[in-house]
Each structure stands twice: as structure tokens, then as C-alpha cells.
Amino acid sequence: MLSSMTLRRQTHLGSTDTKSLTIVDFVPPTNESSSGKDKRTFILQLPDELLEPTLELAASEPDSRSRGLYGTICNYGALLVLSRVCQRLKPVAQQLLYRNICVMKQAGVAADMVPPSIRVIKLHRTLREREDFRQHCRSLYVRIPDFSTLPKGVNAYSIAQDLARWLINTRKLSVHGGFNDEDELEGDRHNKNTWNLIGLVSANFKNLEHLDLSREGRGLYVPAIFERFACPRLKTLQLHGISESKHQAVQLEPEKRRTAPFTSFRIFDYEERPEATFLLIQWPAALTHFTFGSFYSNAHVMDYPMFENWLLIHRHTLTHIDIGYLRGPSRLFNATLFPSLEFLRLSRWQMRSPVQFSTEDANVLGPRLKTFSWNFNIHDQHSEDWSAFGEPEANWVRDLAKCAAERKAVLAMVEIQFDPNSFWGTKEEMGYPWDRMDKVRDQTLKPNGMYLVYSEPPIDRDAWLKYVRTGKVDAGLFCEGADEASINHAAEDQHSNGPDEQENAGMDEPELQSAYHGEDIRGYFVRKPKTS
Numbered sequence: 112m113l114s115s116m117t118l119r120r121q122t123h124l125g126s127t128d129t130k131s132l133t134i135v136d137f138v139p140p141t142n143e144s145s146s147g148k149d150k151r152t153f154i155l156q157l158p159d160e161l162l163e164p165t166l167e168l169a170a171s172e173p174d175s176r177s178r179g180l181y182g183t184i185c186n187y188g189a190l191l192v193l194s195r196v197c198q199r200l201k202p203v204a205q206q207l208l209y210r211n212i213c214v215m216k217q218a219g220v221a222a223d224m225v226p227p228s229i230r231v232i233k234l235h236r237t238l239r240e241r242e243d244f245r246q247h248c249r250s251l252y253v254r255i256p257d258f259s260t261l262p263k264g265v266n267a268y269s270i271a272q273d274l275a276r277w278l279i280n281t282r283k284l285s286v287h288g289g290f291n292d293e294d295e296l297e298g299d300r301h302n303k304n305t306w307n308l309i310g311l312v313s314a315n316f317k318n319l320e321h322l323d324l325s326r327e328g329r330g331l332y333v334p335a336i337f338e339r340f341a342c343p344r345l346k347t348l349q350l351h352g353i354s355e356s357k358h359q360a361v362q363l364e365p366e367k368r369r370t371a372p373f374t375s376f377r378i379f380d381y382e383e384r385p386e387a388t389f390l391l392i393q394w395p396a397a398l399t400h401f402t403f404g405s406f407y408s409n410a411h412v413m414d415y416p417m418f419e420n421w422l423l424i425h426r427h428t429l430t431h432i433d434i435g436y437l438r439g440p441s442r443l444f445n446a447t448l449f450p451s452l453e454f455l456r457l458s459r460w461q462m463r464s465p466v467q468f469s470t471e472d473a474n475v476l477g478p479r480l481k482t483f484s485w486n487f488n489i490h491d492q493h494s495e496d497w498s499a500f501g502e503p504e505a506n507w508v509r510d511l512a513k514c515a516a517e518r519k520a521v522l523a524m525v526e527i528q529f530d531p532n533s534f535w536g537t538k539e540e541m542g543y544p545w546d547r548m549d550k551v552r553d554q555t556l557k558p559n560g561m562y563l564v565y566s567e568p569p570i571d572r573d574a575w576l577k578y579v580r581t582g583k584v585d586a587g588l589f590c591e592g593a594d595e596a597s598i599n600h601a602a603e604d605q606h607s608n609g610p611d612e613q614e615n616a617g618m619d620e621p622e623l624q625s626a627y628h629g630e631d632i633r634g635y636f637v638r639k640p641k642t643s
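Numbering (our numbering), first residue to last: 112 to 643.
Okay, here's the thing in C-alpha cells:
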């Protein structure tokens, strides 16, 4: 046995004189170096390129949903602490503080940018005095209420216009509201000031990659989008809440067709006519990702075959298609027409009931389709019923997998989006839907080399069985006899401090209580609850 005093060899990756990667011995610090002038903690000697991901990890929100498009969404209070405890950490923490700017006035509710709220005014003052902070912004959220008790003239946009001039390194811009003009009484009312602001952004944000426009009331019209859009490096355009243009024809000049630079197009809560939809799809030069959300208040007829024809101009580039529930049942989307398509998501509710696998259904198996996603979600006030995934649905998935195996298709995964938000009132004879999914997975998909994934159940099987047999649920949040509304409200309270709340910059500093010492470093950043 080696003596406990025997020195163990320690190695790490390093470089040779020829700049090749190799294993080198770790040289422990000598007495001279340990007692020399530089006694700083080793982490403080790291360059910013290594410190930034370290602090990002330390301050990140634990919820997986907190990963944003341009980096991890960090806890604002934690970053504030990091910027105060050490001069070396301060500049790195400040970079993270101003990376995702979404000023909040309360949990889940963004502060108004136009007219500017107090917190937005404070942010503006900070950025005016500290020009060096401006360069760090990568994501900016702008909320402009359609109806406000404060005057909303041109001057009300002055702070938002300053941000459009200052935050030139922004990669993602989200604008919510401000498209409806209260003072325009006739025609398709849209706020010219908001569109002028977006035009200013387009001129100054040269590297803007992601643009998200969403309405609060009405006023987000396709003609204005065609007219005002000018973002030469845009990769993703997301539109939420397109209103139907009743007083102006939707037109796209031939010279503008196939010219827009974005390759990912996402559309939700859409009210326009099929003709406008066709022109929107004609607009981009080449699409790789296309998402069209389920109808909510659209009275027009559009179905999967219509989208097939419209999207054919992008058939060689499209790799991802996601189309929700439209208007009445129709045959499924024909993926065989799209040779590059790898992901396809379709709505269960676009199919007739009871579902039964047919020869036409087999056309969802495109030549390169690796993932088929079956979406049971119902948007707005409703949720899918517990019984929506029954034996007919399980048989449909089973037949799809068998068909893929027989055809030697490249299908590797079936995804089931099934999210009933309540199990109250269910009975044991209804069965546990995820048992059916597991059975299909184990008996059909796995033996044929395929995977099946599904949404996380709202309650596990054993707890559900106890509920249907005894009426009780073993969870601190639930209690016998509690009504569904109160339980849902309590569940929402559990998640009220969501990731959006931590994207703030320039807000009032939270009250941070005394720190923890000698424990996990993450505990240092936790705010203690106030005591009465």
C-alpha cells in the first residue's frame, strides 16, 4: 500500500510548444508564490470569457424554461449581489444585467415603455449616464398599451426612440401592443408612431435577428408589415394577432416576392384571409421553419392541402413545419412533397373522430421525416379532455409506426403533445392515458427502433389511482374537497415568480437580506422571506 504521504500526480489539458493539445503535469504553487504579492483567489484571475459563463451559471434560474434565445435568463437579484460583492466580478455581472432588458412592474406584467413608466424612466437615466452599458443588450422587450390614461403623443415615444438609437447590438426585439390608434376613427386603425419606432429600430439595429410583433387590441395589419419591414439580417419573424384588413387590400408587389431575409416564420392568433396568407408565405426568399398556430377567431376556410400548395415554393428548404387546428377536418398534410422536411407537427383536431389510420395518413411520412408530433392542445380558454387520448388514438400511433417500419421510412420519433390540465372528475374506467402511450411505445415503437415521447402528466399514475378510488390526492398543495379553480390558482401562485420577472434591468434594487456563509454558493443569492 502506498504511503499516505506519497504525492499523487495531478494533470490537466495544456499545450505544447507547437500549440498541440496534450496532458501536462499540474505544478502546485510554491511557498514563494503562495506568500508573494498576488494572493487573489484563482477565480478572480480568470479572463472575462471564462468568468461570464461561470457567473451566468451561478445566477441562472433553475427552471429549464429560463434559457432564452440569446443566453440564459438570470436572476436579477443574484446578479445585483454579484456586482456588489467584488470589484472583479462587477463588470461581468453588469454585462449580464443588461443583456435581456424587459422592465417589469409586477410578476408576469411588463412595465409600459410608451408612455414610459417610472421604472423605464430610471432605466433610461442609467443608460444615458452609462453609455458603456448600452453595448451589452441582446434582447429588448417593448410594451406599448393600446389604451392608456396618459397622453400618448409623439413625445411619449421619446424614451423608446432613445433606446432604439442606443441599444444597437440588440439581436432580438419584441414589441407588444401600440398598433391600434385610438384617435383614428375610420379605416384600418394603426398607430403610425409605433411603426415609426419599428422603422427607427430597423435602421439602427443592423444585426437584428429576431423580431416579435404582437397586438394588444387590434391594429396589426399585413399591409403595414409589408410596407414598414426593413431588417436585412433578420432570421426569425414572429407575428401574434394579425387583424383582418377590412379597408385596405392586401398586396405584395411582384418585385418584393421572395426577397425577405428571414428563414423562420411563426404566425399565431391569425384573422386574415387565405389570400393574405398566400402572400405572407410568398414574401421570404427561402423558409426553413414555418409555424402557423391554431385558429381562435378566424372565420375563413384554410386547410392542410391549401398550406401544401402555398409552401411548395419552399419545398427544397423547409425542414420544420408546425400547423395547428384550422377550420374543420381535412386530410392530413402530405409531407412526401417536401424532400428536406425533418419535423412535422399537426393537430389531432384537424382529423375526423374517431381517428382511424388510412392510406392518405401514411403521407405524413416524408422521405426525410425524422419526427412526427401529434398535437392535442386546444388554445385559449379550453384544455384537452382526459379522455381525448383513448384507444383509437393509441391505435393510430401504432399503425403509423407499423407503416413506417414496413416502408423503411427514416421516422425515428413520435411526439405526443397531450396536456389535460385537470384530472378532477375522472373515473378509473377511463384509464390512465399515459399507460396507453407506454404500451404503444414498448410493443410497437421500441421493437422497430423508434422513440415515443410525450408531455409530462399532471399527476403520476399511483396518485391518480388513489384519487379516483378515494377522492384524495397526496400533495401539500391539494386537499380533499378543494375546487378545481382554487387548486389551479394555487398552482399558478407556485410559478408566479417566473423567468420573465428576472429579465429586468434598471429596476429598483430588491431588498437583499443577510447572506449565508460556509454553505453552497447558490444559497448566498437566495432572498430570505420577510418576517413580520
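Quick reminder that beta carbons are idealized off the backbone N, C-alpha and C, glycines included.
In the DSSP assignment, find the unbroken alpha helix (DSSP H) run with Asn304 in it and report its ends.
The residue you call residue 304 lines up with position 193 of the sequence shown. Counting along the chain, the alpha helix (DSSP H) containing Asn304 begins and ends at 303-315.
Taking Cβ to Cβ, would you say Leu556 is nearer than 8 angstroms to Val521?
As a working mapping, residue 556 is identified with position 445 in the sequence shown. As a working mapping, residue 521 is identified with position 410 in the sequence shown. Result no, Cβ atoms of Leu556 and Val521 do not sit closer than 8 angstroms.
List the endpoints of the continuous alpha helix (DSSP H) containing Trp394.
Working through the sequence shown from its first residue, we reach residue 394 at position 283. Unbroken run through Trp394: none, as it is neither H nor E.
Please classify Ile154 as buried or exposed, where buried requires at least 16 other C-beta atoms within 10 Å of its C-beta.
Position 43 of the sequence shown holds residue 154. Under a 10 Å Cβ-count criterion, Ile154 is classified as exposed, with fewer than 16 other Cβ atoms of the shown protein chains found around its own Cβ.
Which residue wins for smallest C-alpha separation from Arg329, given the options Ile353, Lys346, Asp433?
As a first step, residue 329 must be located in the sequence shown, where it is residue number 218. It is Ile353 whose Cα lies nearest to the Cα of Arg329.
How is Ile527 classed by DSSP in three states: helix, strand or coil?
For the purposes of this step, residue 527 is taken as residue 416 along the sequence shown, with counting starting at 1. Ile527 falls in the strand class under three-state DSSP.
CA-CA distance, Cys197 and Arg230?
Here residue 197 refers to the residue found at position 86 when the sequence shown is read from its first residue. Here residue 230 refers to the residue found at position 119 when the sequence shown is read from its first residue. Computed Cα separation, rounded: 26 angstroms.
Kindly identify the DSSP beta-bridge partner or partners of Phe376.
Locating residue 376 in the sequence shown gives position 265, counting from the first residue. Its beta-bridge partners are Leu348, Phe401.
Report back the beta-carbon spacing between Gly288 and Arg326 to the nearest angstrom; my notes put them in contact at under 8 angstroms.
As a working mapping, residue 288 is identified with position 177 in the sequence shown. As a working mapping, residue 326 is identified with position 215 in the sequence shown. About 7 angstroms; that satisfies the 8 angstroms criterion.
My parser needs the beta strand (DSSP E) runs of 3 or more residues fully inside the stretch 448-498; what are they?
If we require 3 residues or more, the beta strand (DSSP E) runs fully inside the stretch 448-498 come out as 454-458, 482-486.
I'd like to know if the stretch 372-379 and the stretch 390-407 are in contact, where contact means that at least 3 CB-CB pairs between them fall below 8 angstroms.
yes
Kindly indicate the opening and closing residues of the alpha helix (DSSP H) around Gln206.
As a working mapping, residue 206 is identified with position 95 in the sequence shown. Its alpha helix (DSSP H) spans residues 201-208.
Verify whether the separation of the beta carbon atoms of Pro392 and Leu429 is less than 8 angstroms.
Residue numbering aside, residue 392 sits at position 281 when the sequence shown is read from its first letter. Residue numbering aside, residue 429 sits at position 318 when the sequence shown is read from its first letter. First, the amino acid is wrong: residue 392 is Ile here, not Pro. It is not a contact, given that the beta carbons lie outside the stated cut-off.
I'd like the span of the beta strand (DSSP E) that includes Ser250, first residue to last.
Taking the first residue of the sequence shown as position 1, residue 250 is located at position 139. Under the DSSP assignment, Ser250 falls in the beta strand (DSSP E) whose first and last residues are 250-254.
For Leu200, which residues in the same chain have their Cβ closer than 6 angstroms to its Cβ, ignoring the five residues on either side in sequence?
Residue mapping note: residue 200 aligns to position 89 of the sequence shown, counting from 1. Taken in chain order, the residues that qualify are Leu193.
Does the beta-carbon of Gln205 have 16 or more other beta-carbons within 10 angstroms, so that it is buried, or is it exposed?
Indexing the sequence shown from 1 puts residue 205 at position 94. With 16 or more other Cβ atoms within 10 Å, it is buried.
In whole angstroms, what separates the C-alpha of Ser313 from that of Ala271?
Within the sequence shown, the letter at position 202 stands for residue 313. Within the sequence shown, the letter at position 160 stands for residue 271. Their backbone Cα atoms lie some 14 angstroms apart in a straight line.
First through last residue of the beta strand (DSSP E) which encompasses Ser95:
With the chain running from 112 to 643 in the structure shown, residue 95 is simply not present.
Residues bridged to Tyr268 by DSSP?
Position 157 of the sequence shown, counting from 1, holds the residue named residue 268. In the DSSP assignment, Tyr268 is bridged to no other residue.
Assuming Val661 and Tyr268 make a contact with CB atoms under 8 angstroms, what is their CB distance in whole Å?
Since the first residue shown for the chain is 112 and the last is 643, residue 661 is missing from the structure and cannot be characterised.
Select from Val286, Asp257, Leu207, Asn445 the residue whose C-alpha is nearest the C-alpha of Glu160.
Here residue 160 refers to the residue found at position 49 when the sequence shown is read from its first residue. Of Val286, Asp257, Leu207, Asn445, the residue nearest in Cα terms is Leu207.
Please report the straight-line C-alpha distance between Thr305 and His247, rounded to a whole angstrom.
Translated into the one-based positions of the sequence shown, residue 305 becomes position 194. Translated into the one-based positions of the sequence shown, residue 247 becomes position 136. Going from the Cα of Thr305 to the Cα of His247 covers about 24 angstroms.
Helix, strand or coil for His95 per DSSP?
Absent from the model: residue 95. The displayed extent of the chain is 112 to 643, so no value can be given.
How about Trp575 and Phe529: are their beta carbons less than 8 angstroms apart?
For the purposes of this step, residue 575 is identified with residue 464 of the sequence shown, where counting begins at 1. For the purposes of this step, residue 529 is identified with residue 418 of the sequence shown, where counting begins at 1. Not in contact: Trp575 and Phe529 (Cβ atoms no closer than 8 angstroms).
Starting from Leu166, trace the alpha helix (DSSP H) in both directions and tell me its first and last residue.
The sequence position of residue 166 within the sequence shown is 55, counting from 1. Residues 159-170.
On the three-pair Cβ rule with 8 angstroms, is the stretch 461-474 touching the stretch 434-447?
yes
Between the beta-carbon of Trp541 and the beta-carbon of Tyr565, is there less than 8 angstroms?
Translated into positions along the sequence shown, residue 541 becomes position 430. Translated into positions along the sequence shown, residue 565 becomes position 454. Here the sequence assigns Met to residue 541, which means Trp is not the residue at that position. No.
Taking only the alpha-carbon atoms, compute the straight-line gap between Arg438 and Ser408 and give it to the nearest angstrom.
By one-based count along the sequence shown, residue 438 stands at place 327. By one-based count along the sequence shown, residue 408 stands at place 297. If you take the alpha carbons of Arg438 and Ser408, they lie about 10 angstroms apart.
Mapping DSSP to helix, strand and coil, what is Gln217?
Counting from 1 along the sequence shown, the entry for residue 217 is found at position 106. If DSSP states are grouped into helix, strand and coil, Gln217 belongs with the strands.
What residue from Ser441, Tyr562, Lys357 has the CA that sits closest to Trp460's CA?
Your numbering for residue 460 matches position 349 in the sequence shown. The option with the nearest alpha carbon to Trp460 is Ser441.
In the DSSP output, which residue or residues are listed as bridge partners for Asp433?
Here residue 433 refers to the residue found at position 322 when the sequence shown is read from its first residue. According to DSSP, Asp433 bridges with Thr402, Arg456.
Considering only the alpha carbon of each residue, which of Arg241, Ile432, His351, Phe290 lies closest to Asn486?
Locating residue 486 in the sequence shown gives position 375, counting from the first residue. It is Ile432 whose Cα lies nearest to the Cα of Asn486.
Can you check DSSP and say which residues form a bridge with Val564?
As a position in the sequence shown, residue 564 is number 453, starting the count at 1. Glu526, per the DSSP bridge assignment.
Quick check on Ala335: buried or exposed, where buried means 16 or more other Cβ atoms within 10 Å of its Cβ?
The residue you call residue 335 lines up with position 224 of the sequence shown. Looking at its Cβ environment, which holds 16 or more other Cβ atoms inside 10 Å, Ala335 is buried.
Rounded C-alpha distance that separates Pro372 from Arg552:
In the sequence shown, counting from the first residue as 1, residue 372 sits at position 261. In the sequence shown, counting from the first residue as 1, residue 552 sits at position 441. If you take the alpha carbons of Pro372 and Arg552, they lie about 41 angstroms apart.
Going straight from the alpha carbon of Leu284 to that of Val214, what length do you get?
Residue 284 sits at position 173 when you count from the first residue of the sequence shown. Residue 214 sits at position 103 when you count from the first residue of the sequence shown. Each residue's alpha carbon lies about 14 angstroms from the other.
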